[in-house]
Every structure is written in structure tokens, then in C-alpha cells.
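Asks: Before I ask anything, let me first share the structure, which is written out below as C-alpha cells.
There are 4 protein chains.
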Amino acid sequence: MKNKLPIGILGATGMVGQRYIQLLEDHPWFEIAWLAASDRSSGKPYGEAVKWRLETPLPERIAKMVVSPADPTGAPKVIFASIDASIARELEPKFAAAGCAVLSNSSAFRMTPNVPLVIPEVNAEHLPLIEEQPWRKESGGYLVTNPNCSTIGLVIALKPLAERFGIEQIFATTMQAISGAGYPGVASMDIVGNVVPYIGGEEEKMEAETLKLLGSLQGGEVTPLAARMSAHCNRVAVVDGHTECVSVKFSKKVSEAEILAAWAEFNPLKGRDLPMAPAQPIEWAPQPDRPQPRLDRNRGKGMGVTVGRLRPCNLLDWKFVLLSHNTVRGAAGATILNAELLSSLGKL
Amino acid sequence: MKNKLPIGILGATGMVGQRYIQLLEDHPWFEIAWLAASDRSSGKPYGEAVKWRLETPLPERIAKMVVSPADPTGAPKVIFASIDASIARELEPKFAAAGCAVLSNSSAFRMTPNVPLVIPEVNAEHLPLIEEQPWRKESGGYLVTNPNCSTIGLVIALKPLAERFGIEQIFATTMQAISGAGYPGVASMDIVGNVVPYIGGEEEKMEAETLKLLGSLQGGEVTPLAARMSAHCNRVAVVDGHTECVSVKFSKKVSEAEILAAWAEFNPLKGRDLPMAPAQPIEWAPQPDRPQPRLDRNRGKGMGVTVGRLRPCNLLDWKFVLLSHNTVRGAAGATILNAELLSSLGKL
Amino acid sequence: MKNKLPIGILGATGMVGQRYIQLLEDHPWFEIAWLAASDRSSGKPYGEAVKWRLETPLPERIAKMVVSPADPTGAPKVIFASIDASIARELEPKFAAAGCAVLSNSSAFRMTPNVPLVIPEVNAEHLPLIEEQPWRKESGGYLVTNPNCSTIGLVIALKPLAERFGIEQIFATTMQAISGAGYPGVASMDIVGNVVPYIGGEEEKMEAETLKLLGSLQGGEVTPLAARMSAHCNRVAVVDGHTECVSVKFSKKVSEAEILAAWAEFNPLKGRDLPMAPAQPIEWAPQPDRPQPRLDRNRGKGMGVTVGRLRPCNLLDWKFVLLSHNTVRGAAGATILNAELLSSLGKL
Amino acid sequence: MKNKLPIGILGATGMVGQRYIQLLEDHPWFEIAWLAASDRSSGKPYGEAVKWRLETPLPERIAKMVVSPADPTGAPKVIFASIDASIARELEPKFAAAGCAVLSNSSAFRMTPNVPLVIPEVNAEHLPLIEEQPWRKESGGYLVTNPNCSTIGLVIALKPLAERFGIEQIFATTMQAISGAGYPGVASMDIVGNVVPYIGGEEEKMEAETLKLLGSLQGGEVTPLAARMSAHCNRVAVVDGHTECVSVKFSKKVSEAEILAAWAEFNPLKGRDLPMAPAQPIEWAPQPDRPQPRLDRNRGKGMGVTVGRLRPCNLLDWKFVLLSHNTVRGAAGATILNAELLSSLGKL
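Chains as they are written, first to last, in our numbering: chain A, 4 to 351; chain B, 4 to 351; chain C, 4 to 351; chain D, 4 to 351.
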């Protein structure tokens with residue numbers, strides 16, 4: 004254990020914080036060394052501070068760790084952060100300024116020009132943006148973000164299509180899981196036997212992040228993909244797993260076989276041996292009624308994106324359904340995979 | 004009671020059959036006089052044959068009625084039908100040939116050229132198509148259909164927009180209730196904590212029916228609306244109420260206020276005093292997170308369509324969310340309202 | 004309208020507060036004249052202050068009423084209260100001291116010796132306890148409570164059995180709806196696809212209230228029923244309707260027919276014409292798999308208690324299942340029915 | 004792989020059949036060699052015959068296996084069976100007569116005097132009953148059963164208490180998961196937002212099996228425990244995991260600490276190294292609101308029983324809540340653990 008890289012978690016008691024802990028329990032490279040949360044929790048043993056909501060038990064070592072205040076003093080040099088945007092806006096720069104590599108799931112800085120918004124399989128080449136950050140020059144610290152939970156599955160499924168065929172228009176309607184709203188999050192009175200066709204700020208995030216992620220880094224900044232996108236975001240009574248109905252218009256005529264091949268052959272991390280990376284980033288479900296959140300969210304240990312129902316669209320070119328695990332692939336796992344990539348690049 | 008028009012129900016034990024019974028219990032014009040179902044049920048008291056699934060009790064008079072075989076002999080002259088398409092294809096013509104007015108919720112003949120597919124608020128002017136039917140000439144019988152449950156709310160919301168602004172493109176993603184699949188219908192193992200992104204044949208029905216309903220009757224046939232439409236249909240864990248995310252491209256530039264006015268002013272049945280007609284066919288929900296099935300499905304006694312979240316669409320012109328009760332507005336209530344319209348026109 | 008009795012609602016924005024408003028909308032005797040809620044809401048139009056969660060629309064007249072501070076000044080003389088016990092402990096005596104008849108759904112004073120805990124069908128004879136209250140003598144004001152939502156259905160079902168056969172032991176396991184916890188109440192992450200086998204304080208309330216309700220008023224105080232009771236309380240993913248599995252030991256040997264007759268013949272309010280009173284307080288469901296919350300909670304306009312599955316118990320004598328609507332029969336409707344009874348007795 | 008024992012599965016396409024396949028995928032001792040199902044499936048590749056409903060993917064090797072007819076010819080000598088009781092009654096004896104060790108999850112023969120009903124941690128000493136079976140003498144074949152899914156968690160939790168304190172009375176109310184009813188099983192219209200307070204035959208099975216399992220083998224037959232038990236069985240909207248509210252009366256006065264110690268120290272299989280056996284058969288959950296199915300069902304790889312909320316009972320002595328995974332501990336895992344025990348005893 005002594006050779007593992009110590010990791011700090013900012014926002015450790017939240018739903019995503021809990022996933023960091025679960026996913027890092029047996030991680031071969033990283034070890035949790037520090038947990039921070041709000042003032043309400045700080046000073047308590049983590050096991051008392053957290054309302055653990057995951058299906059696997061809270062590791063005993065972690066339960067006994069005392070929650071630290073959310074301050075860089077005493078924190079390790081690598082921080083995984085998943086906190087409210089309003090708090091992140093203030094705290095994350097403090098940690099970067101203190102020399103930390105801050106890998107953030109928060110939304111506060113995703114669209115900031117000198118902050119890379121990265122999915123390792125999609126746009127690892129945006130990472131050099133960190134060199135544009137003032138903290139990097141001053142203290143060595145920097146900030147790297149991963150996308151919103153509803154964006155990430157979509158962009159992974161679109162990336163090989165964008166590369167091979169060009170993408171001009173994107174339609175996406177989401178049916179998002181309740182875990183995406185944290186805890187207590189969505190009131191049961193709002194979702195049992197119901198649908199809530201609204202998630203504050205989500206459509207705007209999805210539309211903006213998707214184009215940045217598929218954009219290109221040129222001259223120290225990212226030019227977003229020159230495509231148009233429209234999102235409809237909904238909450239449904241599912242615990243984990245976001246389902247998305249997608250229609251796409253390509254820059255050229257594309258066959259079903261070409262799309263399936265683009266998905267099947269997409270594996271840009273192959274050979275890098277990143278522990279969180281799924282063997283097959285995009286899995287095709289041949290059944291007519293798949294993917295489904297309950298049945299497909301755990302593919303690739305929760306890091307795979309499942310696609311299915313590819314068929315022609317009367318308005319754009321093709322339509323399909325995709326699914327990804329929102330708190331693994333779409334949040335905690337995304338941060339960890341970013342850290343693994345940075346580590347393999349010698350940046351941690 | 005003696006002056007009420009006797010009605011027969013074909014498919015009386017199904018979910019829609021049960022709704023006919025519930026909605027007709029105190030109907031001022033119609034009275035249930037005959038119930039038919041499959042051979043398995045025929046000969047039994049209805050109360051024994053049915054697995055009643057509605058939240059109001061089965062009326063005692065109906066419970067005691069003996070289920071008849073599905074044959075026109077002894078049936079009244081007005082038949083409400085909601086049966087599987089494969090059976091409807093055979094049975095509904097038999098009843099029409101025997102002189103019955105068959106008002107059908109089945110999908111078998113909706114797209115048949117000489118069969119009107121009608122929503123009273125939308126295209127009452129298609130009803131003269133019945134005069135093209137051979138049965139009409141021979142026995143006086145005829146066949147009128149109402150649309151699929153996912154089509155009807157959409158078309159009602161689109162109709163005033165099509166009239167005022169012209170519609171060129173329509174995107175719709177549905178989140179449909181389980182009652183739409185009948186009983187036993189959707190297995191609980193498929194839908195508890197889950198989404199099923201597929202309903203067999205539903206997307207094709209929605210796309211075709213929408214354009215026929217918004218089309219125009221000319222020279223004894225309906226020319227469908229010259230628009231393009233793409234549907235994504237999903238099943239969610241909601242008992243009643245279909246939610247739909249819609250984007251629309253108009254033939255001209257349209258403002259938010261114009262759309263709201265078109266919806267608010269749409270009431271083509273006003274003054275006709277049809278008992279099932281809602282006072283306000285399209286209700287606007289001003290809250291940012293509405294409509295929702297649990298909270299809005301019963302507006303207008305289940306016959307209203309609720310719209311909300313009107314906002315610009317990056318791809319088409321405007322997008323919004325709509326909701327309608329799938330077994331009332333979208334099935335049983337639709338048949339009954341068609342019957343009321345025909346009755347008010349002297350055709351029953 | 005001018006002859007209706009003006010009613011004030013304390014706790015008007017809560018789930019039970021909303022039910023008061025819904026149930027009183029067309030009440031023939033009472034009219035809402037005053038709404039009070041927490042400081043956060045006071046001064047706002049009710050339509051802005053409330054997050055309305057019911058399936059029928061918020062009445063427009065009520066939406067426009069301005070929420071008052073929770074103070075007796077300016078309040079009408081009849082108050083329906085449903086507020087947190089900690090606040091009720093302070094506020095309800097203030098209103099009683101100011102001369103108000105306070106009809107409370109709160110738990111704060113249910114077990115107080117000089118406060119009647121009443122279900123009109125069960126123990127109307129406990130009402131004279133109000134004469135023991137100091138406020139009654141000083142200002143005319145008094146306090147009457149109705150039981151907890153899980154207690155009330157149980158006690159109604161037990162009352163005719165206790166009268167005819169004597170009850171010595173009671174076992175009850177509840178499966179309670181989420182609306183009983185208010186709004187936001189139960190987090191969706193806790194209940195979607197889950198059961199929570201714990202509701203704080205509920206088992207103790209059920210056990211104590213049941214024996215007080217079935218007790219007898221003697222010499223200015225209630226002697227609880229000399230029976231033993233054990234409750235297991237659980238929360239399940241149901242919106243409205245508490246289901247309870249009950250086993251009972253009687254003081255003598257009792258047949259199935261005798262129990263069914265006791266239930267069928269129980270109607271102590273018959274002839275009193277109280278508007279909220281159900282025609283048949285206890286309805287028997289003969290099907291083997293009933294009662295069920297979705298199908299039976301609205302019997303008797305939500306004021307009926309449905310019983311089913313009566314069968315011998317290997318430990319006590321008989322066991323059965325009961326169901327009642329927790330926010331109608333179990334809360335708002337209970338308060339209103341208490342008010343109706345008091346009004347018919349000339350006490351309002 | 005060549006040294007693993009070949010296993011046949013009877014009822015391979017059902018929910019429990021699927022769990023056998025999932026749990027045996029990497030089993031160190033056993034290997035699936037033969038799959039049988041109804042005539043409808045026989046002759047097809049398993050991947051086509053099954054509607055796979057588990058959260059982990061169907062193993063490819065199994066997907067390609069051709070489903071055999073349900074006949075002993077060509078079947079391996081060890082059969083795991085989970086089929087309808089009516090079919091089991093006919094088929095299981097055929098396999099036993101053909102010399103197979105039939106380890107059955109079916110209910111057909113559980114209460115048959117010469118058939119052991121076994122939970123390895125509870126009553127391994129009942130296994131010699133197989134020597135009373137005629138097949139054993141004739142062909143070497145025999146039949147061993149495991150209990151119903153609602154019985155098994157209860158009996159494991161009761162066993163150490165029965166041993167140390169004696170048990171005289173048992174009350175149990177279950178809230179059972181939908182997977183226990185197979186696929187399609189419970190209709191979604193019956194359980195979404197609802198409770199079904201009835202499972203046909205379940206209460207009778209629980210009551211009888213519990214007493215047989217806790218009974219003693221004497222003179223070639225099992226004398227059931229001389230206790231009385233009453234069960235109330237309910238279905239709730241949970242995918243996996245049965246929750247049970249239990250009250251118990253002991254033969255002597257028992258303290259909380261004694262009960263907790265009895266549970267903590269219970270581990271009769273310790274040291275036997277059976278692969279499916281949980282490290283800790285009974286886990287105590289100290290939180291006030293646990294166990295919960297979503298959070299606790301996977302303890303001990305789904306083979307652990309979680310207990311919580313131990314508190315005095317007003318009627319019997321103590322009450323508590325227990326939870327176990329109904330298709331792992333309560334079905335497929337139970338059969339496999341029985342096979343492991345028999346194998347370790349040299350009986351396979």
C-alpha cells in the first residue's frame with residue numbers, strides 16, 4: 004500500500020463522494036488519504052458523518068477516518084472533488100493555488116476556457132490546457148474537469164461517429180436516474196409513479212459541454228464542434244443509469260454497418276492499462292428493447308456505454324438509444340479515469 | 004334511463020374496456036347494454052370475468068351483466084371496440100356489416116383510406132369518409148377509429164399550431180404509462196426501477212397517425228400533412244399518463260406569445276355541449292417542472308392535454324412538454340367523445 | 004356561502020394542509036377563511052407559498068389568499084391544525100387560550116389526559132373531556148385531536164370487534180405510504196425499489212393511541228383498553244394508502260361470520276348526515292388479494308376502511324388485512340369529521 | 004476445468020435458473036454441463052430461449068449451449084432444479100430414479116417425510132434422510148430440497164436463538180420482492196405504487212417449512228419444532244430482497260446482549276471452506292432504519308442474512324427486522340450451498 008498515490012476527496016459524504024470511496028477501495032494505484040466535507044461533518048469519523056447509500060458496505064478503514072475541513076492545509080496533492088457549483092467556484096481554485104491537482108466532477112469550471120473538460124477516450128488531447136492555468140505556473144497545481152452525468156454517455160457514443168462521419172445536428176432526450184440529484188435530492192412524492200420533465204440547468208450543460216468535448220484544441224483554447232444540439236432532460240424513477248434517446252445528422256451518408264463498426268472499433272485507451280477503463284467503451288445491445296438501466300448500467304464495471312435500437316430517423320439521419328451509469332461512468336468513475344490518464348502521462 | 008342510447012362494448016374486460024364502463028357509468032346520453040369479450044369470458048357474469056384494475060369500484064349493475072360472445076347477433080347498434088388488432092381486423096367489419104356503428108380504439112383500421120381516424124377537436128371534418136365504406140351503403144353500419152394513446156395528446160397540442168403557423172417538422176420522445184400495455188401487460192421485473200426504451204410498433208403508429216389526423220379530406224380521401232416526424236417511444240414506471248417531449252419546426256417565425264395564445268384559444272367544440280369534452284382542451288402549466296403525469300393527468304376529467312416548458316429549440320423552432328391521460332383521453336374517452344360527436348351530428 | 008362556518012388552517016402548506024383545502028373546497032358547512040404557515044410563507048399568496056402536490060388543481064380562490072402568520076390574532080374561531088409536534092406544543096395552546104376550537108392532526112397533545120383523541124365512529128363519547136381543559140373555562144377555546152394516520156384505520160376496524168367480542172391482544176405490521184411523511188419527506192433514494200422498516204416514533208404512537216381510543220371515559224379521564232399491542236411500522240413506495248396486517252386475540256371464541264357481521268353492521272354515525280362520513284365505514288373486500296392501496300384507498304371518498312383476507316391465526320385468533328387512505332381518513336378527513344361531529348353537537 | 008463436477012440445470016430459463024448460471028460462472032467446484040427447460044425452449048441455443056433479466060451479462064459459453072429436453076437421458080448426475088411444483092412432482096422423481104442427485108428449489112417435495120429440507124447452517128444433520136428414499140437404494144439417486152425464499156432468511160436468523168433459548172412462538176410479516184414470482188410474474192399494474200397483501204400458498208409454506216427446518220431427525224423422520232407460527236405475506240415493489248418483521252417468544256428470559264451474541268457467534272460452516280457460504284451468516288445492522296433490501300441484500304455475496312431493529316415486543320418477547328436476498332440466499336444460492344455441503348460430505 005505504501006507505494007500508492009494518496010488521494011483526497013472533497014465532498015466525501017455526497018452520493019458521488021461515496022462512489023469515489025467505493026471505486027477506490029481496491030484501486031491498484033490510488034489510496035484515499037484524506038476526506039473533506041462541509042463544516043457540519045468535519046471532525047467526525049466518516050462513518051458517522053455519511054449517510055451511506057450504496058449497495059456495498061462502507062469499508063471499515065474509511066469509516067474510521069476523521070473528516071477534515073475543506074481546506075488545502077494537510078490535504079494530499081491530488082484531490083477528487085464533487086461539490087456544489089457555488090462552493091466549487093470558491094474552493095477548487097484554493098486547492099489548485101495550493102499546488103493540488105484538482106480533478107473535479109463539479110460543474111463550476113467546466114466551460115472555463117483554460118480548464119480542460121475531459122473524457123479520456125474522447126479528448127485526452129485537451130489536457131495541455133492545464134498549462135494555460137495561472138496555478139500551474141505558480142504552484143504546480145491545476146484543475147481538470149469531467150462532464151455532467153448526462154453528457155458523458157452521449158459524447159462517448161458520438162465521438163467515433165463524429166470522427167468518421169462528421170456530426171452536424173444532435174437531438175437528445177434523457178430519462179435520468181434519481182442518484183444524479185444526490186441525497187436527499189429528489190423527493191419521493193415527486194417521482195414515485197411519476198416523471199419530472201425538468202432538471203434545472205441540465206439541458207444547457209449538456210448542450211454546451213457536448214460541443215466543447217467534441218471540439219478541438221487550437222492555440223491554447225478549445226473551439227467547440229460546429230454542430231447544433233437540442234436536449235430535453237427528464238427525471239424518472241430509476242436509481243442508477245441514464246437512458247437517452249438520440250437522433251443525429253451526419254456530414255455525409257452513412258450506413259448502419261458503418262455506425263456499428265465505428266462503435267465496435269472505438270477503443271482509444273486500448274493498451275494503456277488504465278484500471279478504470281472499460282475493455283469495450285461502447286457495447287452494442289442487439290435486442291430490440293435494450294439498453295435498459297437496470298440490466299445494462301453495470302457493463303464494463305459501470306464504465307461502459309451501451310447503445311441499441313439503431314434505426315433511421317425521419318428528420319435527421321439515424322436514431323438510437325444509449326445508456327450509461329450516471330454515478331460511475333458519469334461522475335466518480337469519470338474523475339478517477341481522468342486521474343489515471345494524468346498519472347499515466349506523468350502529470351500527477 | 005329509457006331514453007339513453009344502448010351501447011355495446013367489444014373487449015369489455017381489457018384495461019380500456021374497464022375505462023369505458025367507468026366513464027359511461029353516469030353518462031347522460033349513453034347506457035351500456037351489452038358486453039362482449041373473448042370466449043374465455045363469455046357466459047360469465049362480468050364481475051367474475053374481469054380483473055378490475057381501476058381506482059373506482061366496478062358498478063354493481065355491470066358486475067351482474069352476463070358477458071356475450073363477440074358476435075353481432077343480439078348486439079346493440081352502437082359498438083365501442085378496444086381489442087387486439089389481429090382480432091379487430093376480423094371482428095370489426097363483421098359488426099359494421101351487420102349495421103353497427105363501430106367506434107374503435109383498435110389500431111387495425113386506423114390507416115385504412117376509407118376509415119376516418121378522428122379526434123373531435125382536431126378533424127371532425129374527416130367523418131364523411133364513412134360514406135365511402137361499403138357497409139354504410141349496404142347495412143348502414145360503419146367504422147370510425149380514434150388514434151393511439153401516444154398520438155392523441157400530441158396531435159391536440161399541435162393542431163392549433165398547425166392551423167395558425169404551419170408545421171414542417173416534429174420530434175417527439177414519449178415516456179408512456181404501463182396501463183397503455185393492458186393487463187397483465189408490462190412485467191413488473193421489466194419496469195420497477197427501470198425504463199424500457201421500446202414499444203413494439205408504437206413509433207410507426209405515432210408517425211403515420213399524426214400526419215393523417217393533421218391532413219385534409221379531399222375527394223373522398225385524406226391527404227396527410229406534408230410534414231416529417233420522428234418518434235422515440237419509451238415505457239416508464241407510471242400507472243397512467245403519457246409524457247411527451249416535443250420539438251417543432253413551423254412554416255414561419257412564431258413567438259412564444261403566439262403559441263400560448265393558439266393553445267389558450269383552441270376550443271373547437273365549445274358550445275356543442277358534448278359531455279366528455281373538456282372545458283379547455285389544452286391547459287398551460289406555468290410551473291417550470293410541469294406537466295407531470297401524477298399531478299396533471301386528471302385535468303379536464305382526464306380529457307385535457309396539459310402543455311408546459313415552452314422554450315426555443317436549437318434545432319427546430321420551439322420545444323415543449325405535453326401530457327395526457329392515456330386510457331381516458333388516449334383511449335376510452337376518445338371513443339366516447341367520437342360517439343358524442345357522431346350523435347350530435349345525427350349519425351348514431 | 005355567507006352561512007358557512009369560517010375555518011382557519013394552521014400548517015396550510017403541508018401535505019395535510021393541502022388535503023384540508025382539497026376536501027373543504029365544496030364543503031356544505033365549512034369555508035376556509037384563513038391560512039397560516041411558517042414565517043417563510045407568511046405574507047405570500049398561498050399559490051406561491053405552497054408546493055401543491057395533489058392530483059386535483061389548487062382552487063383559484065385559495066391560491067389568491069394571503070398566508071397569515073401563525074398567530075390567533077385575526078384567526079377564525081375554528082382552527083384545523085396539522086403542524087410538527089414541537090411547534091404544535093407551543094402554538095395549539097395559544098389558539099385554544101384565545102378562544103379557538105382547535106381540531107388538531109398534530110401528535111403533540113394526543114396522549115394528554117384532558118385532551119380528547121377522537122374518531123367519531125369510535126369514541127365520540129370522549130369529547131366531554133374538553134370540559135376538563137382550562138381554556139374551555141377561561142375563553143371557551145378547546146383542543147380536540149385525531150389519531151396518527153396508521154392508528155385510525157386499525158382502530159375503526161377493531162372497534163366493532165372490541166365491542167362485541169372483547170380484544171385482548173393486537174399485532175399490527177404496517178406498510179405506510181410516503182405521503183404520510185410530508186413533503187419533501189422521504190428521499191426517493193430511500194424508497195424507489197426499496198422498503199424502509201422504520202418510522203421514527205410511529206410504533207409507540209400506534210400502540211398508545213389505539214388503547215386510548217378503545218378505552219373508556221370515566222370520572223373525567225380515559226382508561227385505556229386493557230389489551231396488549233405490538234406494532235411493526237414500515238415505509239413502502241406507495242403514494243397514498245396505508246396497508247396493515249393485523250392479528251387479534253378476542254376475549255371469547257368468535258366465528259368468521261360474526262366478525263364479518265360486526266364489520267358490516269358497524270355504522271354509528273348513520274342518520275347523523277355528517278358530510279365527510281362514509282356511507283359504510285368498514286367495507287369488506289371478498290377477493291383473496293385485497294385490499295390494495297392503489298385500488299381501495301378511495302372507497303367512501305377516501306374515508307372508508309377496507310378489510311380483507313380474514314383467516315385464522317396460529318398464534319392469536321384471527322388475522323386480516325386493512326387499508327385506509329392516510330391523508331384523507333388518516334389525517335385531513337379525520338379532522339374535518341371531528342369538526343362535523345362537534346358542529347352537529349353544537350360545540351363549534 | 005476438466006476436474007470440475009458437471010451440473011445440469013432443470014428449469015434453466017426461469018429467474019432462479021438464471022441465478023444458477025450467474026452464480027456458477029466462476030464456481031471452483033462445479034461446471035454447468037447441461038441445461039433443460041420446457042418443450043418450448045428445448046433445441047434452441049440458451050441465449051435465444053432465455054429472457055435474461057440479471058444485471059450481469061449472460062456468459063457466452065452458456066448462451067451457445069443448446070437447451071435439452073427435460074429428460075434424464077444424457078443429463079449429468081447432479082441436477083439443480085427450480086421448476087413449478089406441478090411439474091416438479093413428476094420430473095424430479097424421474098431424475099432421482101435415473102440415479103441423479105436432485106438438489107431442488109421447487110416446493111413439491113419439501114414437506115415429504117423422507118426428503119430432507121435443508122439449510123446447511125441450520126440442519127445439515129437432516130441429510131441422512133436421503134437414505135430413506137427408495138431411489139437411493141435402487142439407483143443411488145436422491146432428492147434434497149431447499150426452503151422457500153421467504154422461509155430461509157427467517158430460519159437462519161432463528162436457528163441460533165432456538166438453540167440457545169428455545170422458541171415457542173413466531174410472528175412474521177413479509178414484504179417480498181417481485182423476482183420471487185418469476186418472469187413475467189407480477190404484472191406491473193399490480194405493484195407500481197402499490198402493495199399486494201397476498202402470495203398464494205406462501206404463508207402455509209413458511210409456517211410448515213420453518214418448523215420442519217428447526218425440527219430434529221429421530222428414527223428416520225423429522226419431528227417439527229413444537230412451536231406455533233403465524234405468517235402474513237405481502238408483495239412490494241422491490242426487485243430483489245425479502246424484508247421480514249419478526250416477533251419471537253422464547254422458552255426463557257433472554258437479554259438483548261444474549262441475542263446479539265447468538266447471532267454474532269453463529270457460524271456452523273466455519274472452517275468447511277464451502278465456496279458459497281458467507282463469512283458471517285447473520286450480520287447485525289446497527290442503524291435504526293436497517294436492514295433495507297436495496298442496501299443490504301448483497302451482503303455476504305447475497306448469502307448473508309441481515310438483522311436489525313432488535314427491541315422488546317409487547318406481546319411476545321423480542322421483535323426485529325431481517326432481510327435476505329430471495330433469489331440468491333433464498334433460491335439459487337441455497338441449492339448450490341446444499342450441493343457444496345453434500346460434495347464436502349462425499350455424497351455427490
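Beta carbons: idealized from backbone N, C-alpha and C, even for Gly. What you are looking at is a predicted structure, and each value in this text was computed from that prediction instead of being measured.
Which residue marks the beginning of the alpha helix (DSSP H) containing G20 of chain C, and which one marks its end?
Replies: M18 to L27 is the span of the alpha helix (DSSP H), which, as asked, contains G20 of chain C.
Asks: Measure the C-alpha to C-alpha separation of F33 of chain B and Y49 of chain D and round it to an integer number of angstroms.
Replies: Their Cα atoms are separated by approximately 53 angstroms.
Asks: Mind listing the chain C neighbours of E58 of chain B? Cutoff is C-beta to C-beta under 7 angstroms, in chain order.
Replies: Residues of chain C passing the Cβ test: R297, L298 and N301.
Asks: Over the uninterrupted alpha helix (DSSP H) stretch that includes E93 of chain B, give me the two end residues.
Replies: Segment A88 to A100, the alpha helix (DSSP H) holding E93 of chain B.
Asks: So which residues of chain D does M232 of chain B contact, with C-beta pairs closer than 8 angstroms?
Replies: The premise fails here: M232 of chain B is roughly 29 angstroms from chain D at the closest Cβ pair, so nothing lies under 8 angstroms.
Asks: Assuming V125 of chain D and V158 of chain D make a contact with CB atoms under 8 angstroms, what is their CB distance in whole Å?
Replies: Going by Cβ atoms, the distance from V125 of chain D to V158 of chain D rounds to 6 angstroms, so yes, they are a contact pair.
Asks: How far does the alpha helix (DSSP H) with V125 of chain C in it extend, from its first residue to its last?
Replies: Counting along the chain, the alpha helix (DSSP H) containing V125 of chain C begins and ends at P123 to N126.
Asks: For the candidate residues B:H328, B:H235, B:I35 and B:K97, whose alpha-carbon lies nearest to that of E63 of chain B?
Replies: When only C-alpha atoms are compared, the closest one is B:I35.
Asks: Using a threshold of 9 angstroms, state whether the C-beta atoms of V257 of chain A and C316 of chain A are closer than that.
Replies: Against a cut-off of 9 angstroms, the Cβ pair of C316 of chain A and V257 of chain A comes out as no contact.
Asks: Return the chain-ordered list of same chain residues with a C-beta closer than 6 angstroms to the C-beta of T176 of chain C, the five sequence neighbours on each side being excluded.
Replies: The answer, listed in chain order, is H235 and C248.
Asks: By the 10 Å Cβ neighbour count, where 16 or more other Cβ atoms means buried, how is N341 of chain C classified, buried or exposed?
Replies: By the 10 Å Cβ count, N341 of chain C comes out buried.
Asks: Give, in chain order, every residue of the region 198 to 217 of chain A whose Cβ lies closer than 8 angstroms to some Cβ of chain C.
Replies: Within the region 198 to 217 of chain A, no residue qualifies.
Asks: Examine chain A for any beta-carbon lying closer than 9 angstroms to the beta-carbon of M306 of chain C, and answer yes or no.
Replies: It does not; no Cβ of chain A falls within 9 angstroms.
Asks: In whole angstroms, what is the alpha-carbon distance linking A211 of chain B and R113 of chain B?
Replies: The straight-line gap from Cα to Cα measures roughly 10 angstroms.
Asks: Apart from the five residues just before and just after N237 of chain B, which ones in its own chain have a Cβ nearer than 8 angstroms to its Cβ?
Replies: Contacts found: T176, T177, M178, Q179, V198, V199, P200, Y201 and I202.
Asks: Below 8 angstroms, how does it come out for the region 65 to 72 of chain B and the region 98 to 106 of chain B: are there three or more Cβ pairs, yes or no?
Replies: In short, these stretches do not touch, since the Cβ pair count stays below three.
Asks: Hey, which unbroken runs of the alpha helix (DSSP H) at 4 residues or more fall wholly within the region 269 to 310 of chain D?
Replies: Complete alpha helix (DSSP H) runs here, min 4: 296 to 299.
Asks: Count the CB pairs spanning the region 256 to 275 of chain A and the region 144 to 161 of chain B that are closer than 8 angstroms, and state whether there are at least three.
Replies: At 8 angstroms Cβ cutoff, the stretches do not touch.
Asks: For C236 of chain D, name the three-state secondary structure that DSSP assigns.
Replies: Strand.
Asks: Tell me whether A190 of chain B is buried or exposed, calling it buried when 16 or more other Cβ atoms sit within 10 Å of its Cβ.
Replies: So A190 of chain B counts as buried.
Asks: How is the alpha helix (DSSP H) around E206 of chain A delimited, first residue to last?
Replies: E205 to L216 is the extent of the alpha helix (DSSP H) around E206 of chain A.
Asks: Return the residues of the region 270 to 294 of chain A that lie within a Cβ-Cβ distance of less than 8 angstroms from chain B, sorted by chain order.
Replies: From the region 270 to 294 of chain A, only P291, D292, R293 and P294 have a Cβ closer than 8 angstroms to chain B.
Asks: Could you pull out every residue in the same chain whose Cβ sits closer than 7 angstroms to the Cβ of E128 of chain C, ignoring the five residues on either side in sequence?
Replies: Here the set comprises L220.
Asks: For a test of the three-state rule: what should DSSP assign to A78 of chain D, helix, strand or coil?
Replies: Coil at A78 of chain D, not helix or strand.
Asks: Could you confirm whether any beta carbon from chain C is found closer than 9 angstroms to the beta carbon of V189 of chain A?
Replies: Yes, V189 of chain A counts as interfacial toward chain C.
Asks: Does DSSP classify L157 of chain B as helix, strand or coil?
Replies: Correct three-state label for L157 of chain B: helix.
Asks: Out of curiosity, what's the CA-to-CA distance linking G196 of chain D and I339 of chain C?
Replies: Going from the Cα of G196 of chain D to the Cα of I339 of chain C covers about 27 angstroms.
Asks: Give me the chain D residues within the contact set of Y186 of chain B, using Cβ-Cβ distance strictly less than 8 angstroms, ordered along the chain.
Replies: Those within 8 angstroms of Y186 of chain B in chain D are A190 and M192.
Asks: Taking C-alpha atoms, which residue in A:E58, A:A184 and A:G143 lies nearest to A153 of chain A?
Replies: Per the sequence shown, the amino acid found at residue 153 of chain A is Ser instead of Ala. Among A:E58, A:A184 and A:G143, the Cα nearest to that of S153 of chain A belongs to A:A184.
Asks: Tell me the rounded alpha-carbon separation between N149 of chain B and A334 of chain B.
Replies: Taking the straight line joining both Cα atoms gives about 7 angstroms.
Asks: Could you tell me which chain D residues have their CB closer than 9 angstroms to the CB of R332 of chain C, listed as they occur along the chain?
Replies: Ordered by position in chain D, no residue passes the 9 angstroms Cβ test against R332 of chain C, which lies about 17 angstroms from the chain.
Asks: Could you give the distance in angstroms between the alpha-carbon of G17 of chain D and the alpha-carbon of S85 of chain D?
Replies: Each residue's Cα considered, the two are about 8 angstroms apart.
Asks: For S233 of chain A, count neighbouring Cβ atoms within 10 angstroms of its own Cβ and tell me buried if that reaches 16, exposed if not.
Replies: So S233 of chain A ends up on the buried side.
Asks: Just tell me which of C:L27, C:M192 and C:V19 has its CA closest to the CA of L298 of chain D.
Replies: Of C:L27, C:M192 and C:V19, the residue nearest in Cα terms is C:M192.
Asks: Can you pull out the residues from the region 318 to 344 of chain C whose beta carbon lies closer than 9 angstroms to at least one beta carbon of chain D?
Replies: Residues passing the 9 angstroms Cβ filter: L318, L319, K322, V324 and L326.
Asks: Between A:D292, A:R293 and A:E268, which lies nearest to A282 of chain A when the distance is taken from Cα to Cα?
Replies: Measuring from the Cα of A282 of chain A, the nearest candidate turns out to be A:E268.
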